[in-house]
């Protein structure tokens, strides 16, 4: 494939496939080229991962690796719309759907649960990390590892009828790189926060938050727009309200 300015030139077929991306103000051909040259690691192929992986693959992010050690269960199907077959590893199931959706995308599979050491080893190999997990333990592990290696991270959480999203590891207006502990200083104890097994989680609401995550990722990778840096977007779906909360660094360097 020809290369222009260090980026792969688009083929005629790619120009047709991505024309609606290219037409977006700020994206253009160069933004699409940047997407095709990008490497993204998505951790979790469940409720958040389903829209994230679908939209990143459809948008033409060139290399996407998926990490998930879990298997598809019947109770997942109400929101984890990437999957169709029970019992399969979620990362492998997701990869099959993504490859079928867009042959431009190279998809790698890690059917495992991350440790801090493994995350620190992996994260530097990617332009962006996506936290699509559903437990605070996993989220703090991912954020701490990202902070340790200065990796940019798109974070989100969703339960019941509420979701949140922010971008970590990208300098804010004050030059600070924020991470999860700037929003939540310590991991909450079990029982101090609601779980989906207790209060449920609406699939369509999770889809909204996952789509927001994918939007933030595309903006960061293509280099346009104003990412959610130093801000947390909150959805109260039951009341039909979005809010944006400011976030500043909470710890002394």
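In our numbering, the protein residues as written are 1162 to 1414.
Just so you know, even glycine gets a beta-carbon here, dropped at the ideal spot from N, CA and C.
For residue 1277, the enclosing alpha helix (DSSP H) stretches over residues 1277–1283. Taking a C-beta distance under 9 angstroms as the contact criterion, residue 1378 and residue 1270 do not qualify as a contact pair.
By the 16-neighbour rule on beta-carbons within 10 angstroms, residue 1238 is exposed. In the DSSP assignment, residue 1270 forms a beta bridge with 1227. Nearest to residue 1369 by C-alpha distance, out of 1235, 1399, 1344, 1181, is 1399. Sequence-distant partners of residue 1318 (beyond 5 residues in either direction) whose C-beta falls short of 6 angstroms from its own C-beta, in its chain, are 1325. Distances from the alpha-carbon of residue 1389 to those of 1351, 1338, 1323 put 1338 closest. Between the stretch 1176–1189 and the stretch 1279–1286, the count of Cβ pairs shorter than 8 angstroms is below three; the stretches do not touch.
For residue 1307, the uninterrupted alpha helix (DSSP H) segment begins and ends at 1297–1309.
Just so you know, the alpha carbons of residue 1194 and residue 1340 end up roughly 29 angstroms apart. The bridge partners DSSP lists for residue 1232 are 1250.
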